[in-house]
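*Asks:*
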Amino acid sequence: MRWLGYVVRRLLMAVLVLVSVSIVTFVIARVIPSDPAAAWVGPHPTPAQIAKAREELALDRPLYEQYLRYVTALLRGDFGTSVKSHQPISRDLRNYLPATMELVLAAMLVAVVVGVPLGVLSGARKGSLFDHLTRLASVAGVSVPTFWLALLLQLLFFAKLRLLPLGSRISNELALYNPIRQITGMYTLDSILTGNWAGLRDTLVHLILPALTLATYPIGLAIRMTRSTMLEVLSERYILAARAAGISERAILFVLALKNAIIPTITVLGLSFVYSLTGAMLVEVIFSWPGLGTYLTDAVLNIDFPVIVTVTLVVTVFYVVVNLILDLVQAALDPRVTLR
Amino acid sequence: MSEPLLSVEELQVRFQTYAGRVHAVNGMTFEVGRGEFFGLVGESGCGKSVTGLAILGMIPRGGAVASGRIRFHGEDLLTKSDAQMRAIRGRHIAMIFQDPAATLNPVFTIGSQIVRVIRQHTSISPEEARRRALETLDAVALPDPPRIFRAYPHELSGGMQQRVMIAMALSCGAELLIADEPTTALDVTIQAQILGLLAEIRRRQGVSILLITHNLGVVAETCDRVAVAYAGRVVEVGRVEDVLFRPVHPYTQGLLAALPRAGQAKESLLSIPGSVPDGLALPSGCAFHPRCASAVELCRSGEPALTVVGPDGHRVACHLFRREGAA
Numbered sequence: 005m006r007w008l009g010y011v012v013r014r015l016l017m018a019v020l021v022l023v024s025v026s027i028v029t030f031v032i033a034r035v036i037p038s039d040p041a042a043a044w045v046g047p048h049p050t051p052a053q054i055a056k057a058r059e060e061l062a063l064d065r066p067l068y069e070q071y072l073r074y075v076t077a078l079l080r081g082d083f084g085t086s087v088k089s090h091q092p093i094s095r096d097l098r099n100y101l102p103a104t105m106e107l108v109l110a111a112m113l114v115a116v117v118v119g120v121p122l123g124v125l126s127g128a129r130k131g132s133l134f135d136h137l138t139r140l141a142s143v144a145g146v147s148v149p150t151f152w153l154a155l156l157l158q159l160l161f162f163a164k165l166r167l168l169p170l171g172s173r174i175s176n177e178l179a180l181y182n183p184i185r186q187i188t189g190m191y192t193l194d195s196i197l198t199g200n201w202a203g204l205r206d207t208l209v210h211l212i213l214p215a216l217t218l219a220t221y222p223i224g225l226a227i228r229m230t231r232s233t234m235l236e237v238l239s240e241r242y243i244l245a246a247r248a249a250g251i252s253e254r255a256i257l258f259v260l261a262l263k264n265a266i267i268p269t270i271t272v273l274g275l276s277f278v279y280s281l282t283g284a285m286l287v288e289v290i291f292s293w294p295g296l297g298t299y300l301t302d303a304v305l306n307i308d309f310p311v312i313v314t315v316t317l318v319v320t321v322f323y324v325v326v327n328l329i330l331d332l333v334q335a336a337l338d339p340r341v342t343l344r
Numbered sequence: 007m008s009e010p011l012l013s014v015e016e017l018q019v020r021f022q023t024y025a026g027r028v029h030a031v032n033g034m035t036f037e038v039g040r041g042e043f044f045g046l047v048g049e050s051g052c053g054k055s056v057t058g059l060a061i062l063g064m065i066p067r068g069g070a071v072a073s074g075r076i077r078f079h080g081e082d083l084l085t086k087s088d089a090q091m092r093a094i095r096g097r098h099i100a101m102i103f104q105d106p107a108a109t110l111n112p113v114f115t116i117g118s119q120i121v122r123v124i125r126q127h128t129s130i131s132p133e134e135a136r137r138r139a140l141e142t143l144d145a146v147a148l149p150d151p152p153r154i155f156r157a158y159p160h161e162l163s164g165g166m167q168q169r170v171m172i173a174m175a176l177s178c179g180a181e182l183l184i185a186d187e188p189t190t191a192l193d194v195t196i197q198a199q200i201l202g203l204l205a206e207i208r209r210r211q212g213v214s215i216l217l218i219t220h221n222l223g224v225v226a227e228t229c230d231r232v233a234v235a236y237a238g239r240v241v242e243v244g245r246v247e248d249v250l251f252r253p254v255h256p257y258t259q260g261l262l263a264a265l266p267r268a269g270q271a272k273e274s275l276l277s278i279p280g281s282v283p284d285g286l287a288l289p290s291g292c293a294f295h296p297r298c299a300s301a302v303e304l305c306r307s308g309e310p311a312l313t314v315v316g317p318d319g320h321r322v323a324c325h326l327f328r329r330e331g332a333a
């Protein structure tokens, strides 16, 4: 078990990272010139109301004590209460996080399935018409404004062709007659787990446009990264040797070369995944997708600091875990990588 | 000699580059008999490696065969389709390269790489392919084949890696093995072992070996016959004892004189004046004439043809000899 000790050590490191991030975000949230107590009581408060709220929220205590209270609550699974909605944040997260995960994972899946093969073939046929078109597509994918593409897709597939819904995660009819029982909160997964095939179909139909929109950037990235590493790998002598041994071109490209070339692509897609957890805000708004990005943006606009701190922590956890997974994947793909 | 296994006839290979057209191979002609250990020797840039790749139909991008024939079992390989050539590569003609560490794929086990080659060319089951891979590892005298089978390339030494390459090359029963500088990147003691292994495999399995090298010592130790290439042409060919011990061509004589010998005084080390010609602008006539001490007017204008000068097909392409012979 060369992995186990490594994983444990990395997770211990992760705890350190989380503590630091929580302190930094907590302090930043407190020192910005705003009054959470005033936000808590709503518009036109009396000074007495504010003072009462301040005491309720323990804002009159020293900063370190506020932080300790916060962390103790966190460890009990209590993320605090939204200043704006007065709802427990854990309940909000249970809705928003799976919705975002579903969307972002779908987009990453599309990016891998579309971007990697295009990158491989583009690298293999360097200088060909196919290569030029693919590179054009990759530049377009990276630089097209998301909101513009989203509106364009809605115009085409909803308004003109009437093929796909405008937005939201499921249709009202389904919610009424064939509701998806929530297990993970990711509707595609839940409908498969509960055998709700009408639900699966409805979910997928709703997922297509937002996932495609969100995927354009990582598709462009995947093409670029895969193409450039493939060019490097294809000039290696072991590829020449494989050709000299009569190995078929398909096996050379998609097995022998790709296993050497895929690691940088996986790394950028992993980081792009974490970024999209909160960075998909525009796509979420346009497609009425109740996700983490929208949640965080609202919180920032309302100076809803418990939400800001919590979402930051959640993203940090993802960041740490995804990085760990990326390192493990790299070690699994390349035997020369040692885990230390 | 009966029909040779491989015959390269007047092969010309050109590369189109930004600087112009490079004449890499200019009428290369030689034959490799069945079970023969044949050396193709020359300095870097003489077209020997490109000739090796051309035999496999794998001339690098930008290059193409301009004329000539490559016959294998009497069939012209230059008329074969890509798919036909792929079926020949690895199955009938195999190739090993310099620097085995770079030639093995770093992220796959030795076993999976050999099994892939075997399964590419035969339709046997994975278990059978595995058994055959273990046999070939054993045949190249690697210790503990099951361990090597599971190992990754970086876990082996250079000598073991080259043995693995040889095992892979022979795993499908190739009749011709092209070995392009197979020992150049290895330690001297390991070099001798690998050359010994090649000689033993030739003896045991009757495989023909085309050894491409710049090292005359290696040729002297292993080969039956040798061709000396200069500027993409064979200038002298014959049995090793004739070419290396009774060289006729001024270039061959120069190469041999330039070899350092143990016990020789440092000052007496000879070299051939000038440098290897640029494939972009080859000299007229005999390509060697600008560097040749005994060049005459004819050498500047006419290209000499290979002419028999001795027993057992000792041939040389040099005007001087023909003139002397005629006189």
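If you're matching them up, the sequences are chains A and B in order.
Going by the working numbering, the first sequence opens with residue 5, and the numbers climb by one from there.
Going by the working numbering, the second sequence opens with residue 7, and the numbers climb by one from there.
For every residue, glycine included, the Cβ atom is placed at its ideal position computed from N, Cα and C.
Computed from a predicted model, the values in this text were never measured in an experiment.
#1: Determine the contact status of Gly224 of chain A and Ser147 of chain A, defining contact as a CB-CB distance below 9 Å.
#2: Apply the 10 Å Cβ neighbour rule to Ala293 of chain B and answer buried if 16 or more other Cβ atoms are within range, or exposed otherwise.
#3: For Pro149 of chain A, is the classification buried or exposed, using 16 other Cβ atoms within 10 angstroms of its Cβ as the cut-off for buried?
#4: Under 8 Å between beta-carbons, which chain B residues line up against Ser252 of chain A? List them in chain order, please.
#5: Go to Thr269 of chain A, then tell me how far its alpha helix (DSSP H) extends in each direction, as first and last residue.
#6: Taking Cβ-Cβ distances shorter than 7 Å, what residues in chain A pair up with Met101 of chain B?
#7: For Gly333 of chain A, report the span of its alpha helix (DSSP H) as first-last.
#8: Given this structure, state the Cα-to-Cα distance separating Thr233 of chain A from Gly119 of chain A, to the nearest angstrom.
#9: Given that Thr109 of chain B touches chain A, what residues does it touch there, using C-beta distances under 7 Å?
#10: Can you list the alpha helix (DSSP H) stretches of 4 or more residues lying completely in the stretch 48-121 of chain B, in chain order?
#11: Give, in chain order, every residue of the stretch 59-75 of chain B whose Cβ lies closer than 7 Å to some Cβ of chain A.
#12: Indicate the three-state DSSP secondary structure (helix, strand or coil) for Asn182 of chain A in the structure shown.
#13: Taking beta-carbon pairs under 7 Å, can you tell me which members of the stretch 152-183 of chain B lie near chain A?
#14: Suppose you measure from the CA of Val241 of chain B to the CA of Thr142 of chain B; what does that come to, to the nearest Å?
#15: Can you find a C-beta in chain A that's less than 9 Å from the C-beta of Arg97 of chain B?
#16: Quick check on Asp64 of chain A: buried or exposed, where buried means 16 or more other Cβ atoms within 10 Å of its Cβ?
#17: Within 10 angstroms of the Cβ of Ala323 of chain B, are there 16 or more other Cβ atoms? Answer buried if so, exposed if not.
#18: Go through its chain and collect everything with a Cβ distance to Pro169 of chain A's Cβ below 7 Å, but skip five positions before and after it.
#19: Using a Cβ-Cβ cut-off of 9 Å, state whether Arg340 of chain A counts as contacting chain B.
#20: Quick check: the Cα distance between Ile290 of chain A and Ala154 of chain A, rounded to an integer number of angstroms?
#21: Does the stretch 279-297 of chain B come close enough to the stretch 49-64 of chain B to have 3 or more Cβ pairs within less than 8 Å?
#22: Taking Thr412 of chain A as the reference, give the member of A:Thr314, A:Ile266, A:Asn182 with the closest Cα.
#23: DSSP three-state label for Gly285 of chain B, please.
#24: Just verifying my parser: in three-state terms, what is the DSSP assignment at Val108 of chain A?
#25: For chain B, check one thing: does any of its Cβ atoms lie closer than 9 Å to the Cβ of Leu332 of chain A?
#26: I want to see whether chain B comes within less than 9 Å of Ala255 of chain A, judged by CB atoms only; does it?
#27: Consider the Cβ of Leu345 of chain A: report whether some Cβ of chain B lies at a distance smaller than 9 Å.
#28: Give me the chain A residues within the contact set of Arg122 of chain B, using Cβ-Cβ distance strictly less than 9 Å, ordered along the chain.
#29: Is the separation between the beta-carbon of Leu12 of chain B and that of Leu182 of chain B shorter than 9 Å?
#30: Quick one: list the residues of chain A neighbouring Pro132 of chain B, beta-carbon separation under 8 Å, in chain order.
#31: Have a look at B:Ala237, B:Gly212, B:Gly316, B:Leu250 and flag the residue whose alpha-carbon is nearest the alpha-carbon of Glu227 of chain B.
#32: Check the DSSP bridge columns for Gln22 of chain B and list the partner residues they point to.
#33: From which residue to which residue does the beta strand (DSSP E) around Gly260 of chain B run?
#34: Report the option in A:Trp152, A:Tyr221, A:Ile93 whose CA atom is closest to the CA atom of Val272 of chain A.
#35: Name the chain B residues that come within less than 8 Å of Leu337 of chain A, Cβ to Cβ?
#36: Within the 9 Å Cβ cut-off, does Asn327 of chain A reach chain B?
*Replies:* Judging by the given coordinates:
#1: Yes, they are a contact pair.
#2: It counts as buried.
#3: When all chains shown are included, Pro149 of chain A counts as exposed.
#4: Those are Arg92, Gln126, listed as they occur along chain B.
#5: Here the alpha helix (DSSP H) through Thr269 of chain A covers 262-283.
#6: Around Met101 of chain B, the beta-carbon contacts reaching into chain A at under 7 Å are Ala248.
#7: Looking at the sequence itself, residue 333 of chain A is Val, so the reference to Gly does not match. Its alpha helix (DSSP H) spans residues 309-337.
#8: Roughly 13 Å between the two C-alpha positions.
#9: For Thr109 of chain B, the chain A residues whose Cβ falls inside 7 Å of its Cβ are Arg241, Tyr242, Ala245, in order along the chain.
#10: Considered as a whole, the stretch 48-121 of chain B harbours 54-61, 88-94, 106-109 as its complete alpha helix (DSSP H) runs of no fewer than 4 residues, in chain order.
#11: Cβ contacts with chain A: Leu62, Met64.
#12: Reduced to three states, the DSSP call for Asn182 of chain A is coil.
#13: Answer set for the stretch 152-183 of chain B: Tyr158, His160, Met174.
#14: The alpha-carbon of Val241 of chain B is positioned some 38 Å away from that of Thr142 of chain B.
#15: At least one CB atom of chain A sits nearer than 9 Å to the CB of Arg97 of chain B.
#16: Per the 10 Å Cβ criterion, exposed.
#17: It counts as buried.
#18: Counting only Cβ-Cβ distances below 7 Å, and skipping sequence neighbours, we find Phe162, Ser175, Val209, His210.
#19: Any Cβ of chain B closer than 9 Å to the Cβ of Arg340 of chain A would place that residue at the interface, and such an atom is present.
#20: Their backbone Cα atoms lie some 7 Å apart in a straight line.
#21: Because the criterion of three Cβ pairs below 8 Å is met, the stretch 279-297 of chain B and the stretch 49-64 of chain B touch.
#22: Only positions 5 to 344 of chain A appear in the structure, and residue 412 of chain A is not among them; the question remains open.
#23: Under the three-state reduction of DSSP, Gly285 of chain B is assigned to coil, being neither helix nor strand.
#24: Three-state result, Val108 of chain A: helix.
#25: It does not: the Cβ of Leu332 of chain A has no partner Cβ on chain B nearer than 9 Å.
#26: Ala255 of chain A counts as touching chain B.
#27: Given that chain A is displayed from residue 5 to residue 344, the structure contains no residue 345 of chain A and the question cannot be resolved.
#28: The contacting residues are Ala246, Ala249, Ile251, Ala255, Val259, Leu260.
#29: If you check the CB distance, Leu12 of chain B and Leu182 of chain B come in under 9 Å.
#30: Correct list: empty, because the minimum Cβ distance to chain A is about 15 Å.
#31: Among B:Ala237, B:Gly212, B:Gly316, B:Leu250, the Cα nearest to that of Glu227 of chain B is on B:Leu250.
#32: DSSP output for Gln22 of chain B lists B:Arg27 as bridge partner(s).
#33: DSSP places Gly260 of chain B outside any beta strand (DSSP E); the residue lies instead in the alpha helix (DSSP H), whose first and last residues are 256-263.
#34: A check of alpha carbon separations from Val272 of chain A across A:Trp152, A:Tyr221, A:Ile93 identifies A:Tyr221 as the nearest.
#35: Listed by position along chain B, the residues whose Cβ is nearer than 8 Å to that of Leu337 of chain A are Val113.
#36: Asn327 of chain A does not count as touching chain B.
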